[in-house]
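Numbering (the working numbering), first residue to last: 1 to 169. For each residue, glycine too, the CB sits at the ideal point set by N, CA and C. Source: prediction; values computed, not measured. Below is one structure, written out as structure tokens; comments come after it.
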């Protein structure tokens, strides 16, 4: 069985996931909706960027930290919301939240998560964001906001571009 420590790029991780996960779950993670046009464009956009190594530089004190939402993060990225994490890993969102805290970054819980926002708040004291769909039921949306306040979430990530569920082919 392949180890994560032997993966050197995203394609290595993708191949490992494909070998370990049931086919339907892998395709849920790996694919997109309809003709996957957005997925293809997003993937292509990353090819426009490349790392520019700088030679003969002092590297004994590398600092990748940033301040985001008033929180000091050790790395310049956060763990994005992913719905249904329990399908992918037995540790579900809790494991991802713990990993984010250990890494020193924000964890973003999805509205479609399989763990309550309160449980995640109790699980980790690291910075947390809640990804919130603006629901047709405005009272339910308000309840989510109030629960986030009560559970000491640091930020909301509002998702407004999903008027209907994506068609998974």
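Worksheet entry | residue 159 vs residue 131 beta-carbon contact at 7 Å | For the purposes of this step, residue 159 is taken as the residue at position 159 of the chain shown. For the purposes of this step, residue 131 is taken as the residue at position 131 of the chain shown. It is a contact, given that the beta carbons lie within the stated cut-off.
Worksheet item: Below 7 Å between beta carbons: does that hold for residue 79 and residue 104?
Response: Mapped onto the chain shown, residue 79 falls at position 79. Mapped onto the chain shown, residue 104 falls at position 104. No, they are not a contact pair.
Discussion item. Assuming residue 123 and residue 97 are in contact, meaning their beta carbons sit under 8 Å apart, how far apart are those beta carbons, in whole angstroms?
Written reply: Position 123 of the chain shown, counting from 1, holds the residue named residue 123. Position 97 of the chain shown, counting from 1, holds the residue named residue 97. Contact between residue 123 and residue 97 is confirmed by a C-beta separation of about 6 Å, below the 8 Å threshold.
Fill in: Residues bridged to residue 108 (per DSSP)
Position 108 of the chain shown, counted from the start, is the residue given in the question as residue 108. For residue 108, which the question treats as bridged, DSSP gives the partners 129.
Discussion item. Please state the DSSP three-state secondary structure of residue 155.
Written reply: The residue given as residue 155 occupies position 155 in the chain shown. Strand.
Worksheet item: If we call anything under 7 Å between Cβ atoms a contact, is residue 93 one with residue 113?
Response: For the purposes of this step, residue 93 is identified with residue 93 of the chain shown, where counting begins at 1. For the purposes of this step, residue 113 is identified with residue 113 of the chain shown, where counting begins at 1. With contacts defined by Cβ atoms closer than 7 Å, residue 93 and residue 113 form a contacting pair.
Worksheet item: Expressed to the nearest angstrom, what Euclidean distance is found between the alpha-carbon atoms of residue 7 and residue 13?
Response: If you number the chain shown from 1, residue 7 lands on position 7. If you number the chain shown from 1, residue 13 lands on position 13. Computed Cα separation, rounded: 6 Å.
Item to complete: Give the DSSP-derived three-state secondary structure of residue 9 in the structure shown.
Response: Working through the chain shown from its first residue, we reach residue 9 at position 9. Look at residue 9 here: in three-state DSSP terms it is coil, with no helix or strand label.
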